[in-house]
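Visitor: The structure under discussion is supplied below as structure tokens; questions concerning it will follow.
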Amino acid sequence: MITVCSRIVAPYDGSELSKKALDKAIRLAEQDARIVLNVLTVVSIPSRVEYYEVVREAYYNMANEMRQEVEEKISLLSNHKKSAIVLEGQPAQMIVEFAKERNADLIIMGSRGLSGLKELFLGSVSHHVVQKATCPVIVVK
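Residues 1 to 141 in full-length UniProt numbering are what the sequence shown lists, from first letter to last.
And the structure:
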């Protein structure tokens, strides 16, 4: 059960599953105006191109478009504390650190849906977050 003054983190990457997870987070937040919703988009720039300013700019432009999309959706929570934030780094690590810094009570995120073998070898952001987070994690499929 979620406590009265919950703090929810909803990672968002623009995928259908992250949209679905964000919708669930919004529906949950609608139940109590004291729930704080923080939506996080993590910009992960591949190391081989991180020094090319034009590539970095393209990644940030995409992230800012996602942030605007999120701000539109969460604006419906008119009486809530809410934020749409863009950070740079390794997604799983940044999500875990952000949730810890914000004293999150819950993370609601989408699953990437890798097949069994790919999941075994590559892992996934949601898997790493579930393993490392200090709060409960709901993974939406």
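A virtual CB, placed ideally from N, CA and C, is assigned to each residue, including glycine.
Confirm, please, whether the CB-CB distance from residue 108 to residue 33 is below 8 Å.
Guide: no
Visitor: Could you tell me which uninterrupted alpha helix (DSSP H) segments, each at least 4 residues in length, are contained entirely in the UniProt domain "UspA" (7 to 141), listed from first to last along the chain?
Guide: DSSP runs (the alpha helix (DSSP H)) wholly in the UniProt domain "UspA" (7 to 141): 16 to 29, 53 to 74, 91 to 101, 116 to 122 and 125 to 132.
Visitor: Have a look at 58, 141 and 7 and flag the residue whose alpha-carbon is nearest the alpha-carbon of residue 28.
Guide: 7
Visitor: Have a look at residue 47 and residue 21 and give me their C-alpha separation to the nearest angstrom.
Guide: 28 Å
Visitor: Taking Cβ to Cβ, would you say residue 71 is nearer than 8 Å to residue 58?
Guide: Annotated as distal: residue 71 and residue 58, with beta-carbon spacing of 8 Å or more.
Visitor: Compute the distance between the beta-carbons of residue 82 and residue 36, then report whether it is under 8 Å.
Guide: With contacts defined as CB atoms closer than 8 Å, residue 82 and residue 36 qualify as a contacting pair.
Visitor: Using a Cβ-Cβ cut-off of 7 Å (strictly less than) and excluding sequence neighbours within five positions of residue 102, which residues of its own chain qualify?
Guide: 7, 9 and 38
Visitor: In whole angstroms, what is the alpha-carbon distance linking residue 137 and residue 111?
Guide: 11 Å
Visitor: Report the option in 140, 24, 130 and 127 whose CA atom is closest to the CA atom of residue 73.
Guide: Sorting 140, 24, 130 and 127 by C-alpha distance to the C-alpha of residue 73 places 24 at the top.
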